[in-house]
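Student:
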Amino acid sequence: MKLQVKNVHKSFGHTKVLNGISLDVAEGEMTCLIGASGSGKSTLLRCINLLEPVDDGEIWLDGAEIADPALDPQPIRQRIGIVFQSFNLFPHMTAEENVMLAPRRIFKTSRDALRPTVEELFDRFGLKDRMHHYPDQLSGGQQQRVAIVRALAMKPEIMLFDEITSALDPELVNEVLQVLKSLKQDGMTMVLATHEMAFARDVADKVCFLDKGSILEQGTPADIFSNPRQERTRDFLARVLGPR
Amino acid sequence: MTSPLKLMALAAALSVSASTALAAGPCATGKTLHDGTLTIATGNPAYFPWVIDDAPESGKGFEAAVAYAVAGKMGFDADHVSWVRASFDESIQPGAKNFDVNMQQFSITADRDKVVDFSAPYYTSAMAVLTTKQIVEGGAKPTLDSLRKLKWGAQASTTAVPMLVGLVNPDSDPMLYNDNADVSAALQAGQIDAALFDLPTALFLAAVTVNDGVVLGQFPAERSTNPDQFGMLMEEGNPLKFCIDEAINALKQDGTLAKLEATWLAESTGVPVIK
Amino acid sequence: MSDSNKGPTRRQAHERKLKRRSMILAAISTSVVVAALVILIPLTPGWERVKQSFFNWDIVVRTFPKLLNAFLLDVAIFAWSVPLIAALGLAIALARDVRDPVFYPLRLFGILYTDIFRGVPVVLVVYLIGFGIPGLGLQRPFNSPYLWGTVALVLTYAAYVAEIFRSGIESIHASQRNAALSLGMSPSDTMRFVILPQAIRRVVPAQMNILIALQKDVALLSFIGPVEIFRQAGVFKSLLASFTPYVVAAAIFLVVTIPATRLADHMLAKQNRARS
Ligand SMILES: Nc1ncnc2c1ncn2[C@@H]1O[C@H](COP(=O)(O)OP(=O)(O)O)[C@@H](O)[C@H]1O
Ligand SMILES: [Mg+2]
Chain A
0 MKLQVKNVHK SFGHTKVLNG ISLDVAEGEM TCLIGASGSG KSTLLRCINL
50 LEPVDDGEIW LDGAEIADPA LDPQPIRQRI GIVFQSFNLF PHMTAEENVM
100 LAPRRIFKTS RDALRPTVEE LFDRFGLKDR MHHYPDQLSG GQQQRVAIVR
150 ALAMKPEIML FDEITSALDP ELVNEVLQVL KSLKQDGMTM VLATHEMAFA
200 RDVADKVCFL DKGSILEQGT PADIFSNPRQ ERTRDFLARV LGPR
Chain B
0 MTSPLKLMAL AAALSVSAST ALAAGPCATG KTLHDGTLTI ATGNPAYFPW
50 VIDDAPESGK GFEAAVAYAV AGKMGFDADH VSWVRASFDE SIQPGAKNFD
100 VNMQQFSITA DRDKVVDFSA PYYTSAMAVL TTKQIVEGGA KPTLDSLRKL
150 KWGAQASTTA VPMLVGLVNP DSDPMLYNDN ADVSAALQAG QIDAALFDLP
200 TALFLAAVTV NDGVVLGQFP AERSTNPDQF GMLMEEGNPL KFCIDEAINA
250 LKQDGTLAKL EATWLAESTG VPVIK
Chain C
0 MSDSNKGPTR RQAHERKLKR RSMILAAIST SVVVAALVIL IPLTPGWERV
50 KQSFFNWDIV VRTFPKLLNA FLLDVAIFAW SVPLIAALGL AIALARDVRD
100 PVFYPLRLFG ILYTDIFRGV PVVLVVYLIG FGIPGLGLQR PFNSPYLWGT
150 VALVLTYAAY VAEIFRSGIE SIHASQRNAA LSLGMSPSDT MRFVILPQAI
200 RRVVPAQMNI LIALQKDVAL LSFIGPVEIF RQAGVFKSLL ASFTPYVVAA
250 AIFLVVTIPA TRLADHMLAK QNRARS
């Protein structure tokens with residue numbers, strides 16, 4: 000297994016947000032987390048990235064435990080890319096500077112040495128002519144693609160996506176989803192929290208339904224969408240997909 | 000309705016105006032701020048030895064004593080002298096004043112005289128060098144050559160500033176301070192070596208304020224072309240000036256001023272004259 | 000799309016009309032006020048005295064060169080204080096921002112520091128440090144009032160500057176920090192390359208106001224000896240029995256501060272334009 004989450008617990012003060020989550024993600028697989036707002040999807044992704052310390056439980060990446068509180072999170076985060084719903088580009092830097100900052104500081108690579116790889120990434124995601132623009136000169140879809148490029152430039156082993164299309168105008172959603180598809184073809188291991196049910200059904204290898212901080216049900220898209228076993232899963236799908 | 004209070008006020012007013020006629024001498028009549036009373040301003044606070052214990056009403060201290068003597072000559076008895084406090088700035092600002100004369104070691108200068116009026120001088124001061132024992136032990140001598148090399152300070156609002164340039168002409172720019180207390184603090188902190196004051200003030204500071212204070216030497220009044228003479232300050236064109244000058248000159252003639260100097264100002268003959 | 004050779008659009012014509020009308024109104028009201036001042040004030044009974052005291056041309060001519068010379072000292076003190084204030088202020092702001100509980104004492108120090116130095120009048124700090132520390136027995140040149148006066152200004156102003164930096168740092172949304180950390184950047188790189196550049200830009204106007212206040216407080220150093228422009232003006236006031244030297248000093252100050260403020264505003268506006 001590429002990533003293993005074992006019985007993870009997380010509370011904010013007295014609010015229990017993750018309640019013993021266990022999840023296996025195989026190399027090259029795309030796992031989709033679905034569930035109502037507030038069910039803990041974002042928190043789970045942030046815990047995997049070590050932005051939030053977990054209270055209890057273990058997280059394993061490539062056969063090594065990473066959630067040990069005694070470990071320095073910094074080198075581990077470099078191996079795990081994450082993209083957020085609200086892009087979070089650095090507004091005072093051009094797209095290219097956004098992408099180059101972390102590799103420059105962490106790998107001590109010069110701009111010139113980085114440029115070929117970075118240009119290739121921009122090119123691949125249709126951003127070649129936007130490299131020298133500032134974030135506020137880019138559309139939402141372009142910003143989100145830059146954010147993905149920024150995470151990819153660190154050459155992560157696994158990518159986490161937290162509702163990355165939710166803040167986009169409908170006509171821009173597709174260009175971002177295309178990027179995910181293309182990454183899957185490369186064999187990237189991905190975990191994404193999403194409300195794009197159609198996309199999850201078509202592309203995901205595995206779908207997990209989160210409810211109140213627990214994974215209530217998981218399986219292939221066919222299992223979950225066509226044949227949900229839990230009452231709450233059915234309710235949730237009925238609400239997001241509408242009556243059929 | 001007539002309240003007892005009003006009656007009392009009326010009686011008081013009558014008695015004041017009655018005594019007025021007696022108190023004011025012919026020269027000053029109708030020329031003072033308040034009829035029958037001479038209003039004199041002093042500093043806030045007023046310093047030793049010019050006014051003792053910041054209480055000019057006691058008549059103790061050189062300026063307080065001179066004030067009552069001048070008032071007496073003009074026909075105001077002690078009960079008809081009233082004191083107020085006023086800064087130098089208040090004295091030179093345009094507009095009505097709250098005093099007839101202001102007396103706080105104001106040096107008479109031609110420039111100031113264009114804007115305000117000064118009485119005839121009531122005191123001519125030697126300038127003196129205030130320093131500390133450490134500086135004297137360090138080799139400072141009461142000679143111009145030695146003094147020039149010192150780091151100097153003075154109180155900014157006094158004529159000691161131009162005098163310093165005129166008499167000593169020090170090698171480095173002098174430091175200037177708001178008041179005597181700050182000059183003393185700088186002397187104590189070793190930021191300046193010496194400060195220039197009128198002799199009575201220097202003697203007082205050396206004795207009381209500055210630890211190990213020493214008056215190193217004095218420049219007698221004759222030494223400068225423009226000696227430091229103290230005059231009472233009045234509003235430009237004040238008609239009282241004539242009466243006051245008359246009174247001061249009379250006190251000078253009859254030896255009163257010299258007597259008051261001897262009473263209130265320290266013996267200065269022990270201070271070496273600067274060569 | 001409007002053709003350029005078709006003349007102004009309706010909106011342009013309308014705006015032009017409005018602009019002309021407001022210019023005429025402004026011109027009329029300004030000239031009425033100025034005329035009232037110029038004609039009425041000299042009619043007042045005290046005007047001659049006030050003019051003599053505050054606007055005496057002879058005294059302007061006599062005092063200007065020395066005042067200008069003394070002003071150079073203000074400029075010098077200001078110039079060497081600003082970088083020190085900026086550096087210390089930033090350091091204090093960063094000390095107050097550390098999250099690691101190990102560094103809690105550092106944080107506490109930052110809090111105490113800003114509370115104390117913002118609560119005490121600058122004059123007191125200038126006296127206390129300017130006379131007090133040299134009074135402990137330091138030898139020349141280490142007891143210089145320039146040195147300790149500068150220390151007093153720097154300590155006081157760094158407290159204000161630190162608070163402004165801190166408010167700037169806190170105004171940057173946590174998601175920016177998270178984005179940088181999630182890439183594997185160190186907390187210090189995150190602060191240096193992501194948070195601070197945005198925070199500093201955001202607080203430039205507030206810091207400009209602090210600098211203008213500092214300009215004026217530089218004069219407080221004169222309390223401990225240095226003869227800067229306001230002290231020199233005070234000496235002239237005392238010797239000439241006139242307030243005109245203060246007016247000259249103020250004019251010299253304004254000649255520098257007004258363009259400086261305008262320039263700062265202009266730079267800021269330009270920066271904002273460039274970003275949008
Ligand atoms: N930093 C935080 N402090 C306190 N509560 C939080 C914090 N982050 C998330 N929560 C709470 O945790 C719960 C799960 O949130 P989240 O993981 O964002 O859900 P989802 O992404 O599925 O919508 C919510 O009730 C939310 O209010
Ligand atoms: Mg979420």
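Chains as they are written, first to last, in numbering that gives the first Met the number 0: chain A, 0 to 243; chain B, 0 to 274; chain C, 0 to 275. For each residue, glycine too, the CB sits at the ideal point set by N, CA and C.
1. When burial is assigned at 16 or more other CB atoms within 10 Å of the CB, is Asp-192(B) buried or exposed?
2. Whole-angstrom Cβ separation of Pro-169(B) and Leu-163(B), contact assumed at under 8 Å?
3. Identify which residue in Tyr-126(C), Lys-236(C), Leu-107(C), Ser-166(C) has its Cα closest to the Cα of Ala-94(C).
4. Determine, for Ile-223(C), whether the minimum Cβ-Cβ distance to residues of chain B falls below 9 Å.
5. Report the three-state DSSP secondary structure of Val-53(A) (helix, strand or coil).
6. When you compare the CB positions of Phe-124(A) and Glu-95(A), do they come within less than 9 Å of one another, or not?
7. Looking only at DSSP bridge pairs, what is Leu-159(A) linked to?
8. Buried or exposed for Asn-179(B), please, with buried defined as at least 16 other CB atoms from any protein chain shown within 10 angstroms of its CB.
9. Can a CB atom of chain B be found closer than 9 Å to the CB of Leu-152(C)?
10. Closer than 8 Å, Cβ to any Cβ of chain C: which residues of the segment 84–104 of chain A, in chain order?
11. Going by alpha carbons, who is nearest to Arg-139(C) out of Pro-161(B), Thr-208(B), Ala-188(B)?
12. Just reading off the alpha helix (DSSP H) that Ala-198(C) is part of, what are its end residues?
13. Quick check on Val-31(C): buried or exposed, where buried means 16 or more other Cβ atoms within 10 Å of its Cβ?
14. Do the segment 163–178 of chain A and the segment 7–21 of chain A touch if we need at least three Cβ pairs shorter than 8 Å?
15. If I follow the unbroken alpha helix (DSSP H) through Asn-248(B), where does it start and stop?
16. With DSSP as the reference, label Gln-3(A) as helix, strand or coil.
17. Can you round the beta-carbon distance between His-212(A) and Ser-38(A) to whole angstroms, since I take them to be within the 8 Å contact cut?
18. So what does Thr-33(B) bridge to, in DSSP terms?
19. With H, G and I counted as helix, E and B as strand and the rest as coil, what does DSSP make of Gly-39(A)?
20. Which same chain residues, not among the five before or five after Lys-132(B), have their C-beta less than 7 Å away from its C-beta?
21. Chain C beta carbons: is any one of them nearer than 9 Å to that of Thr-157(B)?
22. My output table needs one value for Ala-66(A): the three-state DSSP class, helix, strand or coil.
23. Hey, how far is the Cα of Ser-185(C) from the Cα of Arg-191(C)?
24. From Glu-235(B) to Gly-94(B), what distance separates their C-alpha atoms?
25. Mind checking if Leu-111(C) is an interface residue toward chain A, Cβ cutoff 9 Å exclusive?
26. State the start and end residues of the unbroken alpha helix (DSSP H) segment that holds Tyr-159(C).
27. Would a check of beta-carbon distances place Pro-52(A) closer than 9 Å to chain C?
28. Is the shortest distance between the beta-carbon of Ile-110(A) and the beta-carbons of chain C less than 9 Å?
29. For my contact list, Gln-354(B) and Met-126(B) are in at a C-beta cut-off of 8 Å; report their separation, rounded to the angstrom.
30. Tell me, please, whether the segment 64–81 of chain A touches the segment 145–156 of chain A by the rule of three or more beta-carbon pairs shorter than 8 Å.
31. Ignoring anything shorter than 4 residues, give me the alpha helix (DSSP H) runs that lie fully in the segment 31–66 of chain C, in order along the chain.
32. With 9 Å set as the bound, which would you pick, yes or no: does the beta-carbon of Leu-267(C) sit closer than that to a beta-carbon of chain B?
33. Heavy atom of ligand 1 less than 8 Å from the Cβ of Lys-215(C), yes or no?
34. Please give me, in chain order, every unbroken run of the beta strand (DSSP E) with length at least 3 that falls completely inside the segment 47–115 of chain B.
35. As a quick check of your reading: which residues have a C-beta less than 5 Å from at least one non-hydrogen atom of ligand 1, in chain order?
36. According to DSSP, simplified to helix, strand and coil, what is Asn-179(B)?
Tutor: According to the structure shown:
1. Locating residue 192(B) in the second sequence gives position 193, where the first residue counts as 1. Classification for Asp-192(B): buried.
2. Translated into the one-based positions of the second sequence, residue 169(B) becomes position 170. Translated into the one-based positions of the second sequence, residue 163(B) becomes position 164. The pair is a contact, with the Cβ atoms about 7 Å apart (cut-off 8 Å).
3. The count along the third sequence starts at 1 and reaches residue 94(C) at position 95. Here the closest residue by C-alpha is Leu-107(C).
4. Taking the third sequence and counting its residues from 1, one reaches residue 223(C) at position 224. It does: the Cβ of Ile-223(C) has a partner Cβ on chain B nearer than 9 Å.
5. By one-based count along the first sequence, residue 53(A) stands at place 54. Coil, per DSSP.
6. Stepping through the first sequence from its first residue, residue 124(A) is reached at position 125. Stepping through the first sequence from its first residue, residue 95(A) is reached at position 96. Going by C-beta atoms, Phe-124(A) is not nearer than 9 Å to Glu-95(A).
7. Here residue 159(A) refers to the residue found at position 160 when the first sequence is read from its first residue. DSSP output for Leu-159(A) lists Ile-81(A), Val-190(A) as bridge partner(s).
8. The sequence position of residue 179(B) within the second sequence is 180, counting from 1. By the neighbour-count rule (16 or more Cβ atoms within 10 Å), Asn-179(B) is buried.
9. Counting from one through the third sequence, the residue named residue 152(C) turns up at place 153. Taking Cβ atoms only, chain B never reaches closer than 9 Å to Leu-152(C), which makes this a no.
10. Ser-85, Asn-87, Leu-88, Phe-89, Pro-90, His-91, Leu-100, Ala-101, Arg-104
11. Sequence index remark: in the third sequence, residue 139(C) carries index 140 (1-based). Per the Cα distances, Ala-188(B).
12. Taking the third sequence and counting its residues from 1, one reaches residue 198(C) at position 199. Counting along the chain, the alpha helix (DSSP H) containing Ala-198(C) begins and ends at 195–216.
13. Within the third sequence, the letter at position 32 stands for residue 31(C). Exposed: under 16 other Cβ atoms inside 10 Å.
14. no
15. By one-based count along the second sequence, residue 248(B) stands at place 249. Start and end: 239–252.
16. Translated into positions along the first sequence, residue 3(A) becomes position 4. In this structure, Gln-3(A) counts as strand in the three-state DSSP scheme.
17. Counted from its first residue, the first sequence places residue 212(A) at position 213. Counted from its first residue, the first sequence places residue 38(A) at position 39. Contrary to the premise, residue 212(A) reads as Gly rather than His in this sequence. Rounded, the Cβ-Cβ distance is 7 Å, consistent with contact.
18. Here the question's residue 33(B) lines up with position 34 in the second sequence. Strictly speaking, residue 33(B) in this sequence is His, with Thr absent from that position. Looking at the DSSP assignment, His-33(B) forms a beta bridge with Thr-36(B).
19. Locating residue 39(A) in the first sequence gives position 40, where the first residue counts as 1. Coil at Gly-39(A), not helix or strand.
20. As a position in the second sequence, residue 132(B) is number 133, starting the count at 1. Cβ neighbours of Lys-132(B) beyond the five flanking positions: Asp-211, Val-213.
21. For the purposes of this step, residue 157(B) is taken as residue 158 along the second sequence, with counting starting at 1. Cβ-Cβ to chain C under 9 Å: yes for Thr-157(B).
22. Position 67 of the first sequence, counted from the first residue, corresponds to residue 66(A). In the structure shown, Ala-66(A) sits in coil (DSSP, three-state: anything other than H, G, I, E or B).
23. Here residue 185(C) refers to the residue found at position 186 of the third sequence. Here residue 191(C) refers to the residue found at position 192 of the third sequence. Taking the straight line joining both Cα atoms gives about 10 Å.
24. Here residue 235(B) refers to the residue found at position 236 of the second sequence. Here residue 94(B) refers to the residue found at position 95 of the second sequence. Their backbone Cα atoms lie some 11 Å apart in a straight line.
25. In the third sequence, counting from the first residue as 1, residue 111(C) sits at position 112. Output row for Leu-111(C): interface = no.
26. Taking the third sequence and counting its residues from 1, one reaches residue 159(C) at position 160. Unbroken alpha helix (DSSP H) run through Tyr-159(C): 144–170.
27. Looking up residue 52(A) in the first sequence gives position 53. Not one chain C Cβ lies under 9 Å of Pro-52(A).
28. Against the first sequence, residue 110(A) aligns to sequence position 111. Checking the displayed sequence, the identity of residue 110(A) turns out to be Arg instead of Ile. Output row for Arg-110(A): interface = no.
29. Because chain B spans 0 through 274 in this model, residue 354(B) falls outside it and cannot be assessed.
30. yes
31. 46–53
32. Here residue 267(C) refers to the residue found at position 268 of the third sequence. Not an interface residue.
33. To locate residue 215(C), count along the third sequence from 1; it is residue 216. Because no heavy atom of ligand 1 lies under 8 Å away, the Cβ of Lys-215(C) does not count as near it: no.
34. 80–84
35. Phe-11(A), Val-16(A), Ser-36(A), Gly-37(A), Ser-38(A), Gly-39(A), Lys-40(A), Ser-41(A), Thr-42(A)
36. Reading the second sequence from its first residue, position 180 is the one you call residue 179(B). Of the three classes helix, strand and coil, the one that applies to Asn-179(B) here is helix, per DSSP.
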